[in-house]
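**Student:** Under our numbering, the residue at position 147 of the sequence shown is numbered 163, and the numbers go up by one with no gaps. Input: one structure, supplied below.
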Amino acid sequence: MTRGRANLLLLAAGAIWGLGFVAQSSAMTGVEPFMFIGIRFLLAALTVTPLAVREARRATGKLEPKDYYGFLFIGALLFTGAALQQVGLQTTSVTNSGFLTGLYVVMVPFLGVVLFWQWPHLIVWPCALTALTGIYLLSGGKVEGLSTGDWLTIACAAFWALQIIYINRLAIKSGRPIMLSLVQFLVCAALGLIISGGIEHSNVASILSVAPLIIFAGIFSSGIAFTLQAVGQRFTTSAQAAIMLSSEALFAAIFGALLLGETISFRGAIGCALIFAAMIAVELIPTLLNRSDDNRASVLP
Numbered sequence: 017m018t019r020g021r022a023n024l025l026l027l028a029a030g031a032i033w034g035l036g037f038v039a040q041s042s043a044m045t046g047v048e049p050f051m052f053i054g055i056r057f058l059l060a061a062l063t064v065t066p067l068a069v070r071e072a073r074r075a076t077g078k079l080e081p082k083d084y085y086g087f088l089f090i091g092a093l094l095f096t097g098a099a100l101q102q103v104g105l106q107t108t109s110v111t112n113s114g115f116l117t118g119l120y121v122v123m124v125p126f127l128g129v130v131l132f133w134q135w136p137h138l139i140v141w142p143c144a145l146t147a148l149t150g151i152y153l154l155s156g157g158k159v160e161g162l163s164t165g166d167w168l169t170i171a172c173a174a175f176w177a178l179q180i181i182y183i184n185r186l187a188i189k190s191g192r193p194i195m196l197s198l199v200q201f202l203v204c205a206a207l208g209l210i211i212s213g214g215i216e217h218s219n220v221a222s223i224l225s226v227a228p229l230i231i232f233a234g235i236f237s238s239g240i241a242f243t244l245q246a247v248g249q250r251f252t253t254s255a256q257a258a259i260m261l262s263s264e265a266l267f268a269a270i271f272g273a274l275l276l277g278e279t280i281s282f283r284g285a286i287g288c289a290l291i292f293a294a295m296i297a298v299e300l301i302p303t304l305l306n307r308s309d310d311n312r313a314s315v316l317p
């Protein structure tokens, strides 16, 4: 798969997350956070199980225990990020949550350097800041005094960033992105249901009242979108992946306007343009620079 096609998969994942963000926050009216996470990722696991079985049958080699340990670790990162975001939504606004979650765009290249001394292409830094500025403007251009939910969401962004980084490091080596998705979904489902059983008091009637929202979040926002992420990240860098995935905020605004009749302010429109520009730049500029270097090398004696 070319890097361009991989980035298109990541863009599709961002679009699905953008459509599902309202469903995720709205579901909190009928179900508690950890029960939502447990059911959501159980549905996601059921969605990708047939694909994981097909992938295993076509695989040329078997996975080693260290591969599964890596998958379990990524699942723990995903669960922690999802839990922090879901609990944070109880005490922060959707606007703040959308912006603060987007901090992973900057955290990914920063943590890549800190943890692994992995320096991204220079264009990634201005593109990451441009995308973050766009998310800020799209969210309304203001963040009120930080609440407990805001700080939980900032921590969530850090775990999203780590999940993106480790998918790049582990999924590429294993060559089994769908099995990675299945394992991380099972980890999230198990932990969510276990914790919910210990501290929450959800009832069947309230869960059924928001069942369509949970189903959408489970099948599409989790099962399909996270699998697209795992597949796409095998063929691009984690920093570029973070920028493409930041399109979630852009698509959330677009779908809100198309489906809910919401309006995008002038400031929000500028934010959309900045996110779009960052995604285009991070894809095209490295390609154009490499092409220029190749042309220069071809004319040298």
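Quick reminder that beta carbons are idealized off the backbone N, C-alpha and C, glycines included.
1) I'd like the list of long-range same chain contacts for V122, defined as Cβ closer than 8 Å, with 5 residues on each side in sequence excluded.
2) Apart from the five residues just before and just after V226, which ones in its own chain have a Cβ nearer than 8 Å to its Cβ?
3) Return the residue from the list L153, R74, C204, Y182 that minimises the CA-CA distance to F95.
4) Counting pairs of beta carbons, one from the stretch 25 to 41 and one from the stretch 161 to 181, are three or more of them closer than 8 Å?
5) For the alpha helix (DSSP H) containing V122, name the first residue and the last one.
6) May I ask you to verify whether the stretch 206 to 218 touches the stretch 243 to 253, counting CB pairs closer than 8 Å and requiring at least 3?
7) Grouping DSSP H, G and I as helix and E and B as strand, with all else coil, what is N311?
8) Closer than 8 Å by C-beta to P153: which residues in its own chain qualify, once you throw out the five before and the five after it? Chain order, please.
9) Which residue marks the beginning of the alpha helix (DSSP H) containing A206, and which one marks its end?
10) CB-CB under 6 Å to A39, same chain, minus the five flanking residues each way: which ones, in chain order?
11) Could you tell me whether the stretch 75 to 85 touches the stretch 133 to 140, using the rule of 3 or more Cβ pairs below 8 Å?
12) By Cβ distance, which residues of its chain are closer than 8 Å to D310, with the 5 residues on each side in sequence left out?
13) Give the DSSP-derived three-state secondary structure of V69 in the structure shown.
14) Taking 9 Å as the cut-off, decide whether the C-beta atoms of L261 and I180 are in contact.
15) Going by DSSP, what residue range makes up the alpha helix (DSSP H) through I259?
16) Using the rule of at least 16 other Cβ atoms within 10 Å of the residue's Cβ for burial, across every protein chain shown, is S129 buried or exposed?
17) Using the C-alpha atoms, what's the distance from T63 back to L105?
18) Could you give the DSSP three-state label for V47: helix, strand or coil?
19) Between Q102, L186, A75, which has its C-alpha nearest M51's C-alpha?
20) Which class does P136 belong to by DSSP, given the choice of helix, strand or coil?
21) With I170 and L119 assumed to form a contact (beta carbons below 8 Å), what rounded beta-carbon distance in angstroms separates them?
22) Inspect the beta-carbon positions of A98 and I53 and report whether they are closer than 9 Å.
23) Give the C-beta separation of T108 and G165 to the nearest angstrom, bearing in mind that I take them to be a contact with Cβ-Cβ under 8 Å.
24) Can you check which of these residues, W135, L168, I211, R70, is closest to L198 by C-alpha distance?
25) Buried or exposed for I55, please, with buried defined as at least 16 other CB atoms from any protein chain shown within 10 angstroms of its CB.
26) DSSP three-state label for A75, please.
27) Give a yes or no on whether the C-beta atoms belonging to G91 and F201 are separated by under 9 Å.
28) Identify the continuous alpha helix (DSSP H) that holds Q106 and give its terminal residues.
**Tutor:** On the basis of the coordinates in this document:
1) As a position in the sequence shown, residue 122 is number 106, starting the count at 1. The beta carbon of V122 lies closer than 8 Å to those of A144, L145, L148 in the same chain, with the five residues before and after it left out.
2) Here residue 226 refers to the residue found at position 210 of the sequence shown. If you ignore the 5 residues before and after V226, its C-beta comes within less than 8 Å of the C-beta of S42, A43, T45, G46, V47, all in its own chain and listed in chain order.
3) Position 79 of the sequence shown, counting from 1, holds the residue named residue 95. Distances from the CA of F95 to each of L153, R74, C204, Y182 were compared; the closest alpha carbon is that of C204.
4) Cβ pair count under 8 Å is below three, so no.
5) Counted from its first residue, the sequence shown places residue 122 at position 106. It spans 120 to 132 - the alpha helix (DSSP H) in which V122 sits, taken as one unbroken run.
6) Contact annotation: the stretch 206 to 218 does not touch the stretch 243 to 253, with fewer than three C-beta pairs closer than 8 Å.
7) What you label residue 311 is simply residue 295 of the sequence shown in a count that begins at 1. Note that N311 scores a pLDDT of 49, beneath 50, so its modelled location is shaky; the value from the coordinates is reported in the next line. When secondary structure is reduced to three states using DSSP, N311 falls in the helix class.
8) Reading the sequence shown from its first residue, position 137 is the one you call residue 153. The amino acid at residue 153 is misidentified as Pro; the sequence shows Leu. Once the five neighbours on either side are set aside, the close Cβ partners of L153 are R283, G284, I286, G287, L290.
9) For this step, residue 206 is matched to residue 190 along the sequence shown. Where A206 is concerned, the enclosing alpha helix (DSSP H) stretches over 193 to 215.
10) As a first step, residue 39 is located in the sequence shown; it is residue number 23 there, counting from the start. Excluding residues within five positions, the ones whose Cβ falls inside 6 Å are L229, F232, A233.
11) Segment contact: the stretch 75 to 85 against the stretch 133 to 140, fewer than three CB-CB distances shorter than 8 Å; contact not assigned.
12) For the purposes of this step, residue 310 is identified with residue 294 of the sequence shown, where counting begins at 1. In this prediction, D310 has a pLDDT of 47, which is less than 50 and means its spatial position is unreliable; nothing more can be read from the coordinates.
13) Locating residue 69 in the sequence shown gives position 53, counting from the first residue. Three-state DSSP puts V69 in a helix.
14) Translated into positions along the sequence shown, residue 261 becomes position 245. Translated into positions along the sequence shown, residue 180 becomes position 164. For L261 and I180, yes; Cβs fall inside 9 Å.
15) The residue labelled residue 259 in the question sits at position 243 within the sequence shown. Counted as a single uninterrupted DSSP element, the alpha helix (DSSP H) harbouring I259 occupies residues 254 to 261.
16) Stepping through the sequence shown from its first residue, residue 129 is reached at position 113. Residue identity check: residue 129 is Val in the sequence provided, not Ser. With fewer than 16 other Cβ atoms from the protein chains shown falling within 10 Å of its own Cβ, V129 counts as exposed.
17) Numbered from 1 along the sequence shown, position 89 holds the residue referred to as residue 105. Numbered from 1 along the sequence shown, position 47 holds the residue referred to as residue 63. Taking the straight line joining both Cα atoms gives about 26 Å.
18) On the sequence shown, residue 47 is found 31 positions in, with the first residue counted as 1. V47: coil per DSSP, three-state reduction.
19) Along the sequence shown, read from residue 1 onward, the residue named residue 51 stands at position 35. Nearest option by C-alpha distance: Q102.
20) For the purposes of this step, residue 136 is taken as residue 120 along the sequence shown, with counting starting at 1. Reduced to three states, the DSSP call for P136 is coil.
21) Taking the first residue of the sequence shown as 1, we reach residue 170 at position 154. Taking the first residue of the sequence shown as 1, we reach residue 119 at position 103. Taking 8 Å as the upper bound for CB-CB distance, I170 and L119 are in contact here, some 6 Å apart.
22) Here residue 98 refers to the residue found at position 82 when the sequence shown is read from its first residue. Here residue 53 refers to the residue found at position 37 when the sequence shown is read from its first residue. When the beta-carbon positions are compared, A98 and I53 come within less than 9 Å of each other.
23) In the sequence shown, the residue the question calls residue 108 occupies position 92. In the sequence shown, the residue the question calls residue 165 occupies position 149. A Cβ-Cβ distance of about 3 Å is found for the pair T108 and G165, placing them in contact under the 8 Å criterion.
24) In the sequence shown, residue 198 corresponds to position 182, counting from 1. Ranking W135, L168, I211, R70 by Cα distance to L198 puts R70 first.
25) Taking the first residue of the sequence shown as 1, we reach residue 55 at position 39. Taking all protein chains shown into account, I55 has 16 or more neighbouring C-beta atoms within 10 Å of its C-beta and is therefore buried.
26) Along the sequence shown, one-based indexing puts residue 75 at 59. Three-state result, A75: coil.
27) Stepping through the sequence shown from its first residue, residue 91 is reached at position 75. Stepping through the sequence shown from its first residue, residue 201 is reached at position 185. Cβ atoms of G91 and F201: closer than 9 Å.
28) Residue mapping note: residue 106 aligns to position 90 of the sequence shown, counting from 1. Unbroken run through Q106: none, as it is neither H nor E.
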